[in-house]
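K.L.:
Going down the list, the protein sequences come from chains A and B. Under this note's numbering, the first residue of the first sequence is numbered 81, with each subsequent residue one higher. Under this note's numbering, the first residue of the second sequence is numbered 724, with each subsequent residue one higher. Ideal Cβ placement from N, Cα and C applies to all residues, glycine included. Here you go, one structure.
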Amino acid sequence: MDAGGIAASGPVPANVRGRLEATSRRWGEKAIYCLLAACAVLSILTTAAIVISLVVPSVEFFGEVPLGDFLFGTDWGPTFSPATFGVLPIVVGTLSVTFWSMLFAVPIGLGAAIYLSEYAGRRTRRTVKPVLEILAGVPTIAFGFFALHFITPTIQDIWPGHFLGGPPLIFSALAGGLAIGLMIVPIIASISEDAMSAVPRGLREGAYALGATKSRVATRVVFPAALSGIVASIILAVSRAVGETMIVLIAAGNTPNLTFSPVQSIQAMTAFIGTTATGDIPTGSTIYKTVFAVALLLFVATFAMNLLSTRLVRRYREVYE
Amino acid sequence: MSRRRDPVGSARSQIAVSSARSVTQEMLSEQPRRDLIRNTIFASLLFLAIAIALIGLVVLITDSIVKGWSAFDLGLITNGTSSFPEDAGLRSAIIGTLWIIGIVIALIVPIGVGAAVFLEEYANKESRISRLIEVNIQNLAAVPSIIYGLLGLAFIARSPLNLGFVVLTASITLTLLVLPTVILAGREAIRAVPPSIREGSLALGATQWQTIRRQVLPAAIPGIATGVILAVSRAIGETAPLVPLGAATFVTFNPNGPLSEFTAMPLQIFNWVKQPQPEFQALAAAGIVVLLVLLLALNAFAIVIRNRFEQRW
């Protein structure tokens, strides 16, 4: 069955002798090709299944509730009667949690990235980076528990009086935000560090030769040169924060609340989906369709952010590699 | 010329040498004092940032250990589900997780490696379809996990697949969730095998599949294994995609097959977190520690494999 057959099998017709092609049809090879192709195509089918499973109930939902009422309504009570379907309160809830998480994660993550790429020695980098990666491996349920039972009591204790409307409630956007922030630090740190390490040495040495100090090289030369990678890491982190479910479900509350206040209990989009979409939700009911409409909104938002982020990462790779 | 120092009278000459050096250095490398201060502050802020992240990790782990301390005993693992905290344990959840993850591994290894092999070895990388698949996999890797849960609810538990809320549903859902990780890692590992290995094999008359099976895949196994272990550890720790599938969260029996109803470790922990009694919070913390130990061990194992087998061609 192998190409060795050319030499071994008796008299070879003259017109075949010079050919390099296979002597058999190799059906086995073709079957394997098809099998492997099917594996790769499965990813397309997955996306198709996600889109179909989200879009079909959503289309039915928008037959019942006008799109404008959904997107711009400020009253969210799909389980009340009469039901209201203004999605803004839970969108604002998600944005608020995301904002507080980024307020924590961006400085910490970028600081860690600059430290690892510009200041740390080889050995420090080799030990600290895997430890940061461990942080990325902690399950979200652990972050949720941590937010509810450690972060919330701690910030309640140290809260300065009536700052931003008094100490946080048991469930608060801030506690959820801080836990998510801790969770996404490794994303920002790791991708930004890659981008900064990809900046050619020559740029740094040129700056040093002109008399720049180390901090100046880091902030004025390396940081701008790696900017697209840094922005990509932040966008990816935002998309993770927006899609995070367990932490907001456990620690940020379940009361739709049109507020950016960090101390109030809110409901994020993912938390709504997590509490409402349980196994016994009847298919085809309005609440079922509502869940999928919210999920579609979430999917579109994270999808757009991911596309943007991959574009930006590709750009810095093209420039420096 | 050797720079041998005179051993006699060295004290004086050394002072002279070192002060001459430091004065000259001071003169030539003089920086404005302001810059020096700014530099120091900047460096310490950076160090503070990384310290906060690492301290956060340490505090998270110790806090779970402290809060779960009272619930650590053999019963945590051997007791089944119960509405009384003193009788409650993780047994059903651990067995459920083992079933789910066993099937996940059986699915992700062939499918993930198959897709990675196809995209790296067979597909024409410039063709539109393979670029579409590539972008698509990257995007799938970043879809929020709760959306996979809804996919599982709408597509797998109910029609068209209609499996119900069983182990297999959870396995397929988690497989779809972690498959992009395996494919991306597998492609990276296969790409790292140098073309000369393939060309050598093909030149000796091996077919493409023989080349892949006997040369490329064995060389790429450490990388693929790292990806699979990381994917499995993610599948073990994920709660959100199972929440919409958790019809039978109060499972008092042991899941005993792919079509059995199930619970899983993170799901059981989540149920304990939702209970008002402090005893259940201690159980939740203890369960989190068990989960953390398992996941960190898996992650460490993956890192060890990566470092051990890192091969330079």
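Quick check on the burial criterion: 16 or more other C-beta atoms within 10 angstroms. Buried or exposed for K110/A?
P.N.:
It is exposed - the Cβ of K110/A has fewer than 16 other Cβ atoms within 10 Å.
K.L.:
Using 7 Å as the limit for Cβ to Cβ distance, is A774/B near chain A?
P.N.:
Output row for A774/B: interface = no.
K.L.:
Under 8 Å by Cβ, that's how I've got I361/A and V374/A pegged, so tell me the actual separation to the nearest angstrom.
P.N.:
So it is not a contact: roughly 13 Å between Cβ atoms.
K.L.:
Between the Cα of A987/B and those of I826/B, V1012/B, I947/B, G960/B, spot the shortest distance and give me the residue it belongs to.
P.N.:
With distances taken between Cα atoms, A987/B lies closest to G960/B.
K.L.:
Would you mind reading off the limits of the alpha helix (DSSP H) that contains A321/A?
P.N.:
Here the alpha helix (DSSP H) through A321/A covers 307-323.
K.L.:
By how many angstroms is the C-alpha of V135/A removed from the C-alpha of L376/A?
P.N.:
When rounded, the distance between both Cα atoms is 7 Å.
K.L.:
Would you please verify whether the beta carbon of A222/A is less than 7 Å from any beta carbon of chain B?
P.N.:
Answer yes: the Cβ-Cβ gap between A222/A and chain B drops below 7 Å somewhere.
K.L.:
Assess contact between the region 271-287 of chain A and the region 735-743 of chain B, defined as three or more Cβ pairs (one per stretch) separated by less than 8 Å. Is contact present?
P.N.:
With the cut-off at 8 Å, the region 271-287 of chain A and the region 735-743 of chain B do not touch.
K.L.:
Mind checking who T164/A pairs with in its DSSP beta bridge?
P.N.:
According to DSSP, which records beta bridges pairwise, T164/A is partnered with G157/A.
K.L.:
Alpha carbon to alpha carbon, how far is R1029/B from F340/A?
P.N.:
Approximately 44 Å between the Cα atoms of the pair.
K.L.:
Please report how far the alpha carbon of Y113/A lies from the alpha carbon of L125/A, in whole angstroms.
P.N.:
Roughly 18 Å separates the two Cα atoms.
K.L.:
Roughly how many angstroms separate the alpha carbons of R284/A and F770/B, rounded to a whole number?
P.N.:
Cα-Cα distance, rounded: 21 Å.
K.L.:
Considering just the uninterrupted stretch of the alpha helix (DSSP H) at V858/B, what are its terminal residues?
P.N.:
Unbroken alpha helix (DSSP H) run through V858/B: 851-863.
K.L.:
Within a Cβ cutoff of 6 Å, which residues of the same chain sit near A357/A, ignoring the five residues on either side of it in sequence?
P.N.:
V371, listed in sequence order.
K.L.:
Chain B partners of K294/A, CB-CB under 9 Å?
P.N.:
Residues of chain B passing the Cβ test: N762, F765, A766.
K.L.:
Helix, strand or coil, according to DSSP, for V789/B in the structure here?
P.N.:
Reduced to three states, the DSSP call for V789/B is helix.
K.L.:
Excluding five sequence neighbours on each side, which residues of the same chain lie with their C-beta closer than 7 Å to the C-beta of T820/B?
P.N.:
Excluding residues within five positions, the ones whose Cβ falls inside 7 Å are I959, A987, M988.
K.L.:
Tell me the DSSP bridge mates of V889/B?
P.N.:
Looking at the DSSP assignment, V889/B forms a beta bridge with E984/B.
K.L.:
Report back the beta-carbon spacing between T127/A and N859/B to the nearest angstrom; my notes put them in contact at under 8 Å.
P.N.:
Confirmed, Cβ separation roughly 5 Å.
K.L.:
I'd like the list of long-range same chain contacts for L813/B, defined as Cβ closer than 8 Å, with 5 residues on each side in sequence excluded.
P.N.:
If we look at L813/B and ignore the five residues flanking it on each side, its Cβ neighbours are L799, I800, N802, M988, Q991, G1010, V1013.
K.L.:
Let me know the alpha helix (DSSP H) ranges lying completely inside the region 862-950 of chain B, each 4 residues or longer, listed in chain order.
P.N.:
Complete alpha helix (DSSP H) runs here, min 4: 868-874, 890-914, 918-926, 931-934.
K.L.:
Might you give, ordered along the chain, the residues of its own chain that have their beta carbon closer than 7 Å to the beta carbon of V343/A, omitting 5 neighbours on each side?
P.N.:
So the qualifying residues of the chain are L244, G245, G246, P247, P248, L249, S252, L254.
K.L.:
Output yes or no for whether 7 Å exceeds the beta carbon distance between F152/A and P158/A.
P.N.:
In this structure, P158/A does not lie closer than 7 Å to F152/A by Cβ.
K.L.:
How long is the line joining the alpha carbons of S924/B and I952/B, rounded to whole angstroms?
P.N.:
Cα-Cα distance, rounded: 29 Å.
K.L.:
Find out if the Cβ-Cβ distance for the pair I231/A, A259/A is shorter than 7 Å.
P.N.:
In contact: I231/A and A259/A (Cβ atoms closer than 7 Å).
K.L.:
Output the distance between the C-alpha atoms of L290/A and I778/B, rounded to the nearest integer angstrom.
P.N.:
L290/A and I778/B: Cα-Cα distance of roughly 38 Å.
K.L.:
Do A269/A and A193/A count as a contact pair if the criterion is CB distance below 7 Å?
P.N.:
Yes.
K.L.:
If you measure between the beta carbons of G189/A and V265/A, is that distance less than 7 Å?
P.N.:
Yes, they are a contact pair.
K.L.:
Name the chain B residues whose beta carbon is nearer than 7 Å to that of E109/A?
P.N.:
The answer, in chain order, is T930, Q931, W932.
K.L.:
Does the beta carbon of C114/A come closer than 7 Å to any beta carbon on chain B?
P.N.:
So no, C114/A is outside the interface.
K.L.:
Within 10 angstroms of the Cβ of G909/B, are there 16 or more other Cβ atoms? Answer buried if so, exposed if not.
P.N.:
G909/B comes out buried.
K.L.:
Quick one: grab the DSSP three-state call for H242/A.
P.N.:
Residue state, collapsed to three classes: coil.
K.L.:
Exposed or buried, which one is V781/B when buried takes at least 16 other CB atoms within 10 Å?
P.N.:
V781/B is exposed by the Cβ-count criterion.
K.L.:
Applying the criterion that 16 or more other CB atoms from any shown protein chain within 10 Å of the CB defines a buried residue, is I221/A buried or exposed?
P.N.:
Buried, because 16 or more other Cβ atoms sit within 10 Å of the Cβ of I221/A.
K.L.:
Helix, strand or coil for F142/A? Go by DSSP, reduced to three states.
P.N.:
Correct three-state label for F142/A: helix.
K.L.:
Residues of chain A with CB closer than 9 Å to the CB of K848/B, please, in chain order.
P.N.:
The premise fails here: K848/B is roughly 12 Å from chain A at the closest Cβ pair, so nothing lies under 9 Å.
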